[in-house]
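See structure below.
2 protein chains.
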Amino acid sequence: MTPSQALPAVLDRIDADLDKSLERLFAFLRIQSVSTDPAYAQHCREAAEFVSKDLASLGFETSVRPTGGHPVVVGKAPNGSGPRVLFYGHYDVQPVDPLDLWDAPPFEPRITTLPDGRKIIVARGACDDKGQVMTFIEACRAFKAVTGKLPLPITMMIEGEEECGSNHLFGFVKDNAAELRQDLALVCDTSMWDPATPLITTSLRGLVYEEVRLTCADRDLHSGIFGGAAQNPLRVLSKILAGLHDDNGRVTLPGFYDGIRELPADIKQDLAGLNLTAEDFLAPVGLKAPAGEKDRMLIEQIATRPTAEINGIIGGYTGEGAKTVIPSHAMAKVSFRLVGGQHPDKIREAFRAFVRSRLPVDCKVEFASFGTAPAVEVPFDSPALAKARAALAAEWGRKALTVGEGGSIPIVADFKNVLGMDTIMVGFALDDDRVHSPNEKYDLTSFHKGTRSWARILAAMAE
Amino acid sequence: MTPSQALPAVLDRIDADLDKSLERLFAFLRIQSVSTDPAYAQHCREAAEFVSKDLASLGFETSVRPTGGHPVVVGKAPNGSGPRVLFYGHYDVQPVDPLDLWDAPPFEPRITTLPDGRKIIVARGACDDKGQVMTFIEACRAFKAVTGKLPLPITMMIEGEEECGSNHLFGFVKDNAAELRQDLALVCDTSMWDPATPLITTSLRGLVYEEVRLTCADRDLHSGIFGGAAQNPLRVLSKILAGLHDDNGRVTLPGFYDGIRELPADIKQDLAGLNLTAEDFLAPVGLKAPAGEKDRMLIEQIATRPTAEINGIIGGYTGEGAKTVIPSHAMAKVSFRLVGGQHPDKIREAFRAFVRSRLPVDCKVEFASFGTAPAVEVPFDSPALAKARAALAAEWGRKALTVGEGGSIPIVADFKNVLGMDTIMVGFALDDDRVHSPNEKYDLTSFHKGTRSWARILAAMAE
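Residue numbers (the numbering used here), protein chains in the order written: chain H, 98 to 560; chain Z, 98 to 560.
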């Protein structure tokens, strides 16, 4: 019996086992695995042991591996044929403060019902990431129960420091590359488009972050004496930064858009169909109009197009009242969100050349780099992506979107750059899940249909 | 005998009396009249009494008038015909720290000789302003000795808070306007062009100082989520500030240059003859090239042309390392140095309109004003100016320059605006006088020929 043939029975098993699967999730949620606070180190270890034991019960060969911080759980189940996948998630959770804003204790999970009738699981970590991780594990469990084995070779890597920067994971992945390198990575730590529409995150923007320091005179000057003749670094800086965008919102760095591929027509049409409006996306933060490239949809501006942003400027007198100073120094922090095809090093050099070419006599510049990371993209013609989309569509009765995410998930970039794997990011979080906030929740539907979704995805990939 | 007829004898008397005039100056310099430090209040009072007593000995009707701070000495000698003048100076001095950098105690005045042979008077206040004030008083004393009276009606106003902001003087001038209003004001608190070239300061630039606060989103945003779509106030601010100057260094505010008169050709030629170079003026602060209006001489850029300066900018993340924030707010401080013909209120409104007209949707602005002051100018056709120039030329054997000063002297603006008087600013300070610093000095030549200069100016004005 192939995994596809077994799928109907696996899905029935998931339905029948829902109450017990919730009990298992609740046991996981009761562990206070707050990773940022050293006082909770023992709870983090307990969560790692919980995951390890659970995976062992499914036939994984597990180990709780030490790092410089909290341990990483690795589970290996090389059985079966088909592509080998690495599943990544994290067992650690955010701190719970402010505790008084919780309606019930954060580590006492419970099911409640929203006014609109949705049933929800409420607890710290209900969504991020314990609930999401368990959708995958429960799908594995159902396969094991129905077929006696997992549907394809799976390696699990569940870390305990995602909420405090994954500091030790990068080295861990590098040190264990041979063992962790599979054909494909799967991650369950992202969101749906809305409660009815599944979504696969197919790209993450990269980043170049630069600090620019300009110096003109060798001291601060009085504008009554030098005003009119002395070069002012704030004037130079304004001029340079003002030149970063043209009137159509395009970034003006030479070669900035080189190598960027247009989205396939059907994907672009899907995005257009979402009709993401400024009213939906910007109004909640007090804004009205998209400020990016004028010929791009809002969804493109935030997800699939590169940007240049001024993150900070300081120089001269910024206290109360007046001081007629012409400062010696001025500083800006400038960052670029990158998409596929852009080379971080080239963008950084283009930016530095852009600044240097605009420096007048009497203005010196120093740069500092605070990070360069390429974008991550799943090719739209990836067979795994096509299978995941079809599987999600079958479960949710609606086409699965493929959307880029505007920010970075550094470990996914490492999967590509260190391990050479693409990552399919599927998640069932919703915008109202209050992730990182009091009363974090996960819809029961996300948990239940999320589990069924992974069963379908695994069956499809095993083909 | 007219003052002009008496002048040769008056000048002889000044020469003959030099030693005694130095003794009087030294007595004045020994008084520790540091105005910023309340511990020296009694010394300030003592200095006021010293001046009052000395003026009384010359026939002035004197009074030491209380203010909210240190007293103002007023002396009135309405005798004689001719234009009525108000002489302004100050008896207070700067603090002396760091004391260990003085070669001798700062309140023990002495004569020393520089390596180039110049004899100098060294003490705190030797130049600023006790030495300069005494050049005027000694000229008056010589007239009194030779002719038995002062050469024209003179009112003296010697204050004690110049070094700490003249806070109480503005109200004092307003409250005593009828008494202080004369035909012309004379001030001895400025510099020569160089040790051989006398200078009359004929204009002081005015000021408009604005703070601009921009707000876009109602909170700081994450550039991974909103980058590309959310308006960034630092980008808006850079664009606006970059637009304040054109490529030729001219300020672009509509109407900014309206009403400005060109310097008379002969005055401009005098300035050109000075050949003030970037090497002279900018190299000492580490700069090479004048950054102002390209078609203007350096001396014009700093003295007689208006400017726009960015005095400060702050917004977003300015700490160590990286933060991918799109800030909600950005702030800049911008000031304009004004020259004759420009109206501060119009410039302020032009600036605000300039900013408002460049605001995109989703960007709000608030302004704060930290001062508006018009420029002060002595008309080049003023008969008093012509007389002072001729008198200085006669004394120094060289044409007296008329140059504008780049900064403001607020009380001189008040003389014009509150009392309706022009001010002739003549001073004998030199660039190496170390004013406000340890080992402050005044050239013996400045003191001696300065006194002779005032005798000549007073004689000329009495005609």
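Glycine residues also receive a C-beta, built at the ideal position from the N, C-alpha and C atoms.
In this structure, Z/Pro535 lies near Z/Leu198, with their beta-carbon atoms less than 8 Å apart. Under DSSP, Z/Asp355 takes part in no beta bridge, so it has no partner. In the DSSP assignment, H/Gly416 falls outside any beta strand (DSSP E), carrying neither H nor E. Taking a C-beta cut-off of 7 Å against chain Z, the contacting residues of the stretch 494–518 of chain H are Gly503, Gly504 and Ser505, listed in chain order. Contacts between H/Gln439 and chain Z, judged by CB atoms closer than 8 Å, are missing: the closest CB pair is about 14 Å apart.
Excluding its 5 nearest sequence neighbours in each direction, Z/Thr520 has C-beta neighbours in its own chain below 6 Å: Ala282, Val284, Val509 and Phe512, listed in chain order.
When CB distances to chain H are screened at a threshold of 9 Å, the residues of the stretch 310–325 of chain Z falling below it are Thr312, Cys313, Ala314, Asp315, Arg316, Leu318, His319, Ser320, Gly321, Ile322, Phe323, Gly324 and Gly325, in chain order.
Of all residues in the stretch 337–357 of chain Z, the ones placed with a Cβ closer than 9 Å to any Cβ belonging to chain H are Ile337, Leu338, Ala339, Gly340, Leu341, His342 and Gly346, in chain order. DSSP places H/Met231 in the uninterrupted alpha helix (DSSP H) bounded by Lys227 to Thr244.
The residue among H/Ala138, H/Lys271, H/Gly524 and H/Gly409 with its C-alpha nearest the C-alpha of H/Leu516 is H/Lys271. For Z/Ala526, no chain H residue has a Cβ inside 9 Å of its Cβ, as the nearest lies near 14 Å away. For H/Pro361, the closest of H/Ser479, H/Pro192, H/Arg121 and H/Pro100 by C-alpha to C-alpha distance is H/Ser479. Closest in alpha carbon position to Z/Asn372, among Z/Cys141, Z/Asp291, Z/Phe123 and Z/Glu258, is Z/Asp291. The closest CA to that of H/Ala427, considering only Z/Ile410, Z/Ala113 and Z/Asp134, is found on Z/Ile410. Interface criterion not met: the Cβ of H/Gly262 is under 8 Å from no Cβ in chain Z. Under the three-pair Cβ rule at 8 Å, the stretch 166–173 of chain Z counts as touching the stretch 141–158 of chain Z. For H/Lys430, the residues of chain Z that pass the 8 Å Cβ criterion are Gly413, Tyr414, Thr415, Ala419 and Lys420, in the order they occur in the chain. Close partners of Z/Ala369 in chain H (Cβ separation under 7 Å) are lacking, with about 16 Å as the shortest Cβ gap. DSSP places H/Asn408 within a strand segment (E or B) once states are collapsed to three. For H/Glu256, the closest of H/Leu266, H/Leu249 and H/Pro250 by C-alpha to C-alpha distance is H/Leu266.
Going by C-alpha positions, H/Pro471 is about 24 Å away from Z/Thr415.
By the rule that beta-carbons nearer than 8 Å mark a contact, H/Ile410 touches chain Z. Taken atom to atom, the span from the alpha-carbon of H/His545 to that of H/Asp116 is near 10 Å.
Close partners of Z/Thr404 in chain H (Cβ separation under 8 Å): Ser320, Gly324 and Gly325.
Residue pairing of Z/Asp194 in beta bridges, as defined by DSSP: absent, with no partner found. Short of 8 Å from the beta carbon of H/Ser432, and not among the five residues preceding or following it, lie these beta carbons of its own chain, in chain order: Leu304, Val305, Tyr306, Glu307, Ala405, Glu406 and Asn408. Contact annotation for H/Leu384 against chain Z: Cys313, Ala314, Ala327, Gln328 and Asp459 [CB-CB distance below 7 Å, chain order]. The beta carbon of Z/Arg358 sits closer than 7 Å to the beta carbons of Gly437 and Gly438 from its chain, once the five residues preceding and following it are set aside; these are given in chain order. Nearest to Z/Ser160 by C-alpha distance, out of Z/Met254, Z/Ala465, Z/Gly321 and Z/Ile337, is Z/Met254. Under the criterion of beta carbons closer than 8 Å, H/Val131 and H/Val219 do not qualify as touching, at roughly 17 Å. Pairing H/Leu350 with H/Phe451 gives a Cβ-Cβ distance under 8 Å.
At a cut-off of 8 Å between C-beta atoms, Z/Leu395 counts as an interface residue with respect to chain H. Comparing C-alpha distances from H/Gly156 to each of H/Ile251, H/Phe378, H/Pro403 and H/Phe204 shows the shortest one belongs to H/Ile251. When the five nearest sequence neighbours on each side are left out, the beta carbons in the same chain lying within less than 6 Å of the beta carbon of Z/Phe233 are those of Phe184, Cys285 and Trp551, in order along the chain. Within the DSSP secondary-structure output, H/Ala470 pairs in a beta bridge with H/Leu304. Sequence-distant partners of Z/Ser543 (beyond 5 residues in either direction) whose C-beta falls short of 6 Å from its own C-beta, in its chain, are Phe525.
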